[in-house]
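A.B. asks: Per the numbering used here, the sequence shown starts with residue 230, numbered consecutively. We put the CB at the ideal spot given by N, CA and C, even for glycine. Nothing here was measured: the structure is a model prediction, and the numbers come from that model.
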Amino acid sequence: MGTNQESRMGYYDSRYKRVVLCCDYIRSRDDLEDTLVHELTHAFDSLRKGKFKSICHLVACGEIRASALGQCADITPEKKKNQCIWNDAVRSTEIHCGLERAEKTVREVFDNCVHDATPFQ
230 MGTNQESRMG YYDSRYKRVV LCCDYIRSRD DLEDTLVHEL THAFDSLRKG KFKSICHLVA
290 CGEIRASALG QCADITPEKK KNQCIWNDAV RSTEIHCGLE RAEKTVREVF DNCVHDATPF
350 Q
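1. Determine which residues share a DSSP beta bridge with Leu250 and list them.
2. Does Pro348 come out as helix, strand or coil in the three-state DSSP assignment?
3. Between the C-alpha atoms of Lys282 and Ala295, what's the straight-line distance to the nearest angstrom?
4. Which one of Val288, Asp242, Thr270 has the shortest CA to CA distance from Lys333?
5. For Ala346, count neighbouring Cβ atoms within 10 angstroms of its own Cβ and tell me buried if that reaches 16, exposed if not.
6. I think His267 touches Gly291, with their Cβ atoms under 8 Å apart; what is that distance to the nearest whole Å?
Okay, structure coming up:
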């Protein structure tokens, strides 16, 4: 049994508690590093205890953190970086919560989650 992860560079598999890298889509060392940091952030977050209003809040915060620490980390200026984080977080949260709720939830948790660099600080 596998998972369909078309066009993804990697994912965190919570069932087996593993990070899976999809080598067919990783084209550079930067892709590898960004993907690994992103997915390790999800792995770390899966072990954290936090108080969130809903599963959508948990997912949104995890996606914000993973994007901020991973693929969006080196983007400048700050406004463009935050837009990258926002877009990634909404797109990923939408899968679990629907578009309207994803946008609302990302907005609610963005400021608190975007600055949380644990465990990389």
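C.D. replies: Taking the geometry as given:
1. Partner(s): Gly239.
2. coil
3. 20 Å
4. Val288
5. exposed
6. That pair is no contact at about 10 Å.
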